[in-house]
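Engineer:
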Amino acid sequence: MKGDLFSSDHMVQPAVTPGMTVQNAKSIKYAVNGDMLARQGAMIAYRGDLQFERKGQGVGGMLKRAVTGEGLPLMTVRGRGEAWFAHEAQNCFIVDIEPGDVFTVNGRNVLCFDSTLAYEIKTVKGAGITGGGLFNSVFTGHGRLGLICDGNPLVIPVSPQAPVFVDTDAVVGWTAHLHTSLHRSQSIGSMIRGGSGEAVQLKLEGEGVVVVRPSEVTPQKAQQH
Numbered sequence: 001m002k003g004d005l006f007s008s009d010h011m012v013q014p015a016v017t018p019g020m021t022v023q024n025a026k027s028i029k030y031a032v033n034g035d036m037l038a039r040q041g042a043m044i045a046y047r048g049d050l051q052f053e054r055k056g057q058g059v060g061g062m063l064k065r066a067v068t069g070e071g072l073p074l075m076t077v078r079g080r081g082e083a084w085f086a087h088e089a090q091n092c093f094i095v096d097i098e099p100g101d102v103f104t105v106n107g108r109n110v111l112c113f114d115s116t117l118a119y120e121i122k123t124v125k126g127a128g129i130t131g132g133g134l135f136n137s138v139f140t141g142h143g144r145l146g147l148i149c150d151g152n153p154l155v156i157p158v159s160p161q162a163p164v165f166v167d168t169d170a171v172v173g174w175t176a177h178l179h180t181s182l183h184r185s186q187s188i189g190s191m192i193r194g195g196s197g198e199a200v201q202l203k204l205e206g207e208g209v210v211v212v213r214p215s216e217v218t219p220q221k222a223q224q225h
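full-length UniProt numbering applies: residue 1 is where the sequence shown begins, and numbers increase by one.
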């Protein structure tokens, strides 16, 4: 059988080394030799001797989203084989986390990650109850983190001389050593998205980068996630 569909651009190749690689813009391949973690329901195909187990729904089994009380269920993949992960055809990216790195990320943007990474759920500083209870997951350790993003992300440098203000619905994550607080504006809400009244942004100060996606959570999308 012939055709563009069967070209080398689409044909998967056997994994050369264990761990995750970007299969294409919309999926990540993970060569499993032991165990790893992924969001539940994100596996789209696999081959080999693999077992998929849901993690408990306690704190260790959930990655908090931006809204209090919501979480992202995780699953453990064990065995030896290859698995492919994707979510709603969103774009996929890999972050290498090394000892000493701290990467704060919104749980809704997590696709899969090495079991060597540690994660904990923290309230974003300056965005407590008044900010709707903004929770993010903080990753540390040594390993790779697979992320999804609705569109191509913007990576914006932050410096002490140039703080960055981001929409709380659009932020994906940020690096260590950035200080967060809520910034309120009475006028900007009437100019962005046709809103009115007070608008709230997350202000990031310090030295590092913030990752922002070029879309925001709508009520319809929020229900789907």
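Virtual Cβ for every residue (Gly too), placed ideally from N, Cα, C. Since the structure is predicted, the reported quantities are computational estimates derived from the model, not experimental observations.
#1: With which residues is VAL37 paired in a DSSP beta bridge?
#2: Between the alpha carbons of ARG54 and ALA45, how many angstroms are there, rounded?
#3: Rounded to a whole number of angstroms, what is the C-alpha to C-alpha distance between ARG144 and GLN161?
#4: Please work out which residues of its chain come closer than 6 Å, Cβ to Cβ, to PHE165, disregarding the five sequence neighbours upstream and downstream, and give them in chain order.
#5: Where ALA118 and LEU74 are concerned, what is the direct C-alpha to C-alpha distance, given to the nearest angstrom?
#6: What is the residue span of the beta strand (DSSP E) that GLN23 lies within?
#7: Report the residue from PHE113, ASN109, ALA83 whose alpha carbon sits nearest the alpha carbon of ASP96.
#8: Between VAL210 and TRP174, how many whole angstroms is the CB-CB distance? I'm expecting something under 8 Å.
#9: Roughly how many angstroms separate the alpha carbons of GLN223 and THR140, rounded to a whole number?
#10: Less than 8 Å between the beta carbons of VAL105 and LEU147, yes or no?
#11: Which residues mark the beginning and the end of the beta strand (DSSP E) in which ASP167 is found?
#12: Could you check if SER27 is buried or exposed, using at least 16 other CB atoms within 10 Å of its CB as the buried criterion?
#13: Can you give the beta carbon distance from VAL172 to GLY208, rounded, assuming they're within the 8 Å contact cut?
Structural biologist: Checking against the coordinates, here is how it stands:
#1: As a first step, residue 37 is located in the sequence shown; it is residue number 37 there, counting from the start. It should be pointed out that residue 37 corresponds to Leu in this sequence rather than to Val. According to DSSP, which records beta bridges pairwise, LEU37 is partnered with THR76, PHE113.
#2: As a working note, residue 54 is residue 54 in the sequence shown. As a working note, residue 45 is residue 45 in the sequence shown. Roughly 17 Å separates the two Cα atoms.
#3: The residue labelled residue 144 in the question sits at position 144 within the sequence shown. The residue labelled residue 161 in the question sits at position 161 within the sequence shown. ARG144 and GLN161: Cα-Cα distance of roughly 31 Å.
#4: The residue you call residue 165 lines up with position 165 of the sequence shown. Closer than 6 Å at Cβ, skipping near neighbours: HIS183, GLN201, LYS203.
#5: The residue given as residue 118 occupies position 118 in the sequence shown. The residue given as residue 74 occupies position 74 in the sequence shown. So the alpha carbons of these two residues sit roughly 14 Å apart.
#6: The residue given as residue 23 occupies position 23 in the sequence shown. Run containing GLN23: 19 to 24, per the beta strand (DSSP E) assignment.
#7: Position 96 of the sequence shown, counted from the start, is the residue given in the question as residue 96. Looking at the Cα atoms, PHE113 is the closest of the given residues.
#8: The residue labelled residue 210 in the question sits at position 210 within the sequence shown. The residue labelled residue 174 in the question sits at position 174 within the sequence shown. About 4 Å separates the two Cβ atoms, so the contact holds.
#9: Position 223 of the sequence shown, counting from 1, holds the residue named residue 223. Position 140 of the sequence shown, counting from 1, holds the residue named residue 140. A caution first: GLN223 carries a pLDDT of 46, below 50, which makes its placement in the model too unreliable to give a value.
#10: As a first step, residue 105 must be located in the sequence shown, where it is residue number 105. As a first step, residue 147 must be located in the sequence shown, where it is residue number 147. Yes, the Cβ-Cβ distance between VAL105 and LEU147 is below 8 Å.
#11: Indexing the sequence shown from 1 puts residue 167 at position 167. Per DSSP, ASP167 belongs to the beta strand (DSSP E) from 164 to 167.
#12: For the purposes of this step, residue 27 is taken as residue 27 along the sequence shown, with counting starting at 1. SER27 is buried by the Cβ-count criterion.
#13: Position 172 of the sequence shown holds residue 172. Position 208 of the sequence shown holds residue 208. Wrong, their Cβ atoms sit about 14 Å apart, outside the cutoff.
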